[in-house]
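Numbering-wise, our numbering puts 251 at position 223 of the sequence shown, and it's gapless, one number per residue. All C-beta atoms, glycine included, are put in the ideal place defined by N, C-alpha and C. Taking it in order: structure first as structure tokens, then the write-up.
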Amino acid sequence: MTIHAPLQGTRACLLISAACIAAACGTRTPQCADAQVVARVEQLAAASIEEGLVRVDPEVKLEPVLSRIDIAVASALSTAYDKAIDKWTCSAQLRVGLPAQIAAMHAHPAFKAAAIPKLEVHFQGNDLVTPITYTVYRSQDEKQLIVNAEGLDVPARYVRGAYRVGAFTADLNTAPDLRAGLTLYSAQGKHLLIRPTDDGRLQFHASYDNPMCRPWTQNITAERDNTLIYRNEAAGCAATFSLLGELLLVAHEGCSLMVQSCLPDGVYRKR
29 MTIHAPLQGT RACLLISAAC IAAACGTRTP QCADAQVVAR VEQLAAASIE
79 EGLVRVDPEV KLEPVLSRID IAVASALSTA YDKAIDKWTC SAQLRVGLPA
129 QIAAMHAHPA FKAAAIPKLE VHFQGNDLVT PITYTVYRSQ DEKQLIVNAE
179 GLDVPARYVR GAYRVGAFTA DLNTAPDLRA GLTLYSAQGK HLLIRPTDDG
229 RLQFHASYDN PMCRPWTQNI TAERDNTLIY RNEAAGCAAT FSLLGELLLV
279 AHEGCSLMVQ SCLPDGVYRK R
């Protein structure tokens, strides 16, 4: 028995060591594509969008906006691993799914200028796709998982800009009957009135809060589905009015004789 006692003690120590190793393994940092890590990055992306919305409208109702957005991390890969601190560096795609009409607005020059100036975006279908990087590691006590991400500002800025011009709160499906009477649209610092003329055509009247800009009245020269066109070949000036439900996106072409600030460009909302 005196011979076996040390052996039993040694075996107990080995079992304890194995248990400690197993416990240590349980606290190791999960890798980049781990469901827990991906969920944390998606939460950070949602928080970034929320922050942008509150910044533009402190009284915004977040749920009606966020319920129309799908956030997903795809193609997560590890790009580096720091063994000393058990830290992963990762790359992935952030895919933010938007309503079809709001996604389609990204290509319109009026929306680009008014809502997302100098912001480069890439869409695949209705998904805004942007590359992101993130790191994941544990706190020193190994209890808290810490995830930091970069690149989340692109979708946040897009959603914020779309909200600012009314894309999330306006009816984008039902365009008004422009021949039923006077239809007033407003944008920041400018207003647009569209009215039928006696001969059945449409006319627009642009006015500005800036007293340096003279009001501008012209007849629409062509209509194509939900697009109205004004074109003056002699003056080298044209404007396109794109109807999107209650929104009207206006962009000019040429018009070099007009002061930039007095052009009718912008995203207008029906009043």
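Give the secondary structure of residue i by DSSP, where H, G and I count as helix, E and B as strand, and everything else as coil.
i, result
"Ala-262", "coil"
"His-134", "helix"
"Phe-269", "strand"
"Arg-252", "strand"
"Leu-42", "Confidence at Leu-42 is low in this model, with a pLDDT of 28, below 50, so its placement is unreliable and the value that follows should be read with caution. Correct three-state label for Leu-42: helix."
"Ala-50", "Residue confidence for Ala-50 is low, a pLDDT of 33 falling below 50, so the modelled location carries little weight; the figure read from the coordinates is stated next. Of the three classes helix, strand and coil, the one that applies to Ala-50 here is helix, per DSSP."
"Ala-112", "coil"
"Glu-170", "coil"
"Gln-288", "helix"
"Gln-64", "helix"
"Arg-242", "coil"
Name the DSSP beta bridge partners of residue i, please?
i, result
"Cys-118", "Ser-106, Tyr-162"
"Ala-177", "Tyr-162"
"Ile-99", "Val-124"
"Leu-321", "Summary: the structure shown does not reach residue 321, with the chain confined to residues 29 through 299, and so no result is reported for it."
"Ile-331", "Nothing about residue 331 can be reported from this structure: the residues present for the chain run from 29 to 299 only."
"Arg-297", "Ser-214, Leu-275"
"Asn-301", "In the structure as shown, the chain begins at 29 and stops at 299. Residue 301 is therefore absent and cannot be evaluated."
"Leu-281", "A small fix is needed here, since residue 281 is Glu in this sequence, not Leu. DSSP, once it has assigned bridges, lists Ala-266 as partnering Glu-281."
"Ile-257", "Ala-250, Thr-268"
What do you get for residue i, buried or exposed, if any count of 16 or more other CB atoms within 10 angstroms of its CB means buried?
i, result
"Ala-51", "The pLDDT assigned to Ala-51 is 36, lower than 50, so where the model puts this residue is not dependable, and the model offers no usable value."
"Ile-174", "exposed"
"Thr-225", "exposed"
"Val-287", "exposed"
"His-150", "exposed"
"Asp-98", "exposed"
"Cys-53", "The predicted position of Cys-53 is uncertain, since its pLDDT is 48 and thus under 50; a value taken from the coordinates is nonetheless stated next. Result: exposed."
"Ile-49", "Residue placement at Ile-49 cannot be trusted, given a pLDDT of 34 that sits under 50; the coordinates are not used to answer."
"Gly-264", "exposed"
"Arg-96", "exposed"
"Val-82", "exposed"
"Ser-103", "exposed"
"Leu-220", "buried"
"Arg-299", "exposed"
"Arg-68", "buried"
"Pro-183", "buried"
"Pro-145", "exposed"
"Val-187", "buried"
"Ala-131", "buried"
"Pro-292", "buried"
"Gly-80", "buried"
"Ala-190", "buried"
"Ile-113", "exposed"
"Val-84", "exposed"
Can the beta-carbon of residue i be found closer than 9 Å to that of residue j?
i, j, result
"Cys-283", "Arg-242", "no"
"Phe-196", "Pro-92", "yes"
"Ala-198", "Glu-274", "yes"
"Asn-247", "Leu-271", "no"
"Thr-55", "Glu-170", "yes"
"Ser-235", "Arg-297", "no"
"Phe-232", "Leu-256", "yes"
"Trp-116", "Thr-161", "no"
"Leu-122", "Leu-210", "no"
Pop quiz: residue i and residue j are said to be a contact at Cβ under 8 Å. What is the actual Cβ separation, rounded to whole angstroms?
i, j, result
"Leu-277", "His-134", "The Cβ separation is near 12 Å, so there is no contact."
"Val-66", "Val-101", "5 Å"
"Leu-72", "Ala-177", "5 Å"
"Ala-138", "Ala-279", "4 Å"
"Ile-222", "Leu-206", "5 Å"
"Gly-125", "Asp-155", "5 Å"
Is any heavy atom of the ligand ATP found at a distance shorter than 8 Å from the C-beta of residue i?
i, result
"Arg-185", "Of the ligands one can find in the structure shown there are none, so the ligand ATP has no counterpart to examine."
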